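Note that this note's numbering has the sequence shown beginning at 1, numbered continuously upward.
The C-beta atom is built at its ideal place from N, Cα and C for all residues, glycine as well.
Small disclaimer: the values here were computed from a predicted structure and weren't measured.
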Amino acid sequence: MSYRPPSAAPGSSSATSQPQAMTDLVRLLSRLPGLGPRSARRAVLHLLKNQDSLMHPLMTALDQVAATVSKCERCGALDETSPCQICTAPNRDHSRICVVRDMGDLWALERAGAHKGGYHVLGGLLSALDGIGPDKLFIEPLLQRVSDVEEVILALPASVEGQTTAHYLGDRLRAAGVATITRLAYGAPVGGDLEFLDDGTLAIALKSRQAV
Ligand SMILES: [Zn+2]
Numbered sequence: 001m002s003y004r005p006p007s008a009a010p011g012s013s014s015a016t017s018q019p020q021a022m023t024d025l026v027r028l029l030s031r032l033p034g035l036g037p038r039s040a041r042r043a044v045l046h047l048l049k050n051q052d053s054l055m056h057p058l059m060t061a062l063d064q065v066a067a068t069v070s071k072c073e074r075c076g077a078l079d080e081t082s083p084c085q086i087c088t089a090p091n092r093d094h095s096r097i098c099v100v101r102d103m104g105d106l107w108a109l110e111r112a113g114a115h116k117g118g119y120h121v122l123g124g125l126l127s128a129l130d131g132i133g134p135d136k137l138f139i140e141p142l143l144q145r146v147s148d149v150e151e152v153i154l155a156l157p158a159s160v161e162g163q164t165t166a167h168y169l170g171d172r173l174r175a176a177g178v179a180t181i182t183r184l185a186y187g188a189p190v191g192g193d194l195e196f197l198d199d200g201t202l203a204i205a206l207k208s209r210q211a212v
């Protein structure tokens, strides 16, 4: 007679089941952009193998970021203060606002160094397919802050969603009385993400921007 462990239900394979806490962590990690279930499982195993050098510092870092970083009430950028460092910088030209999709694009433009004005971070793009309407984006705060602004630069991706969003914002900003509304000139591939453009291309796209 063969021995069967008391916990094993017939047909189940308890020897290969993973702890529930790990399953939960893998499921959470696999919701991150670029991580599927397989790479999430590898990440969890790597963390468990390196608890002192990686897992515990990561836990502390996550706690710190969650406690200190939040959205700027004015421009939507992520920072440790609200209003953020960009909104309060005395050496920037706050009469020019560059509208971007997300923080990745803001950082890309900052790296390119071609824009010395303010920013406005939408938090995404309009997409009928994904059910993202104007109310889901940081658009109303933009319309509220443009009364004394000289120029709004729509630095949005050359994708369908990016151009739909630029068209919508162009109409709303004109109605709000903004005199100059421009968009990036693209020496870049259509559909390309700003984040992945090299700094030189991005700087030229900004310098040769066109009126909307
Ligand atoms: Zn801000």
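Report yes if the CB atom of D199 is closer than 8 Å to the CB atom of R111, and no otherwise. In this structure, D199 lies near R111, with their beta-carbon atoms less than 8 Å apart.
Looking only at DSSP bridge pairs, what is S127 linked to? In the DSSP output, where bridge partners are listed per residue, S127 has I132.
Among residues of its own chain, excluding the 5 on either side of T88, which ones have a beta-carbon nearer than 8 Å to its beta-carbon? T81
Just curious, the alpha helix (DSSP H) that H94 is in, first and last residue? Run containing H94: none in the alpha helix (DSSP H); it sits in the beta strand (DSSP E), D93 to V100.
Just the C-alpha distance for L32 and D102, rounded to the nearest angstrom, thanks. 16 Å
Local Cβ density within 10 Å of V69, reported as buried at 16 or more and exposed below that: Its Cβ having fewer than 16 others within 10 Å, V69 is exposed.
Mind reading off the beta-carbon distance from R96 to G124? Whole number of angstroms is fine, and I expect it under 8 Å. That pair is no contact at about 23 Å.
Between which two residues does the alpha helix (DSSP H) holding V149 run? Here V149 belongs to no alpha helix (DSSP H), and DSSP marks it neither H nor E.
So the candidates are L184, S159, D130 and D148; which of them puts its Cα closest to the Cα of H115? L184
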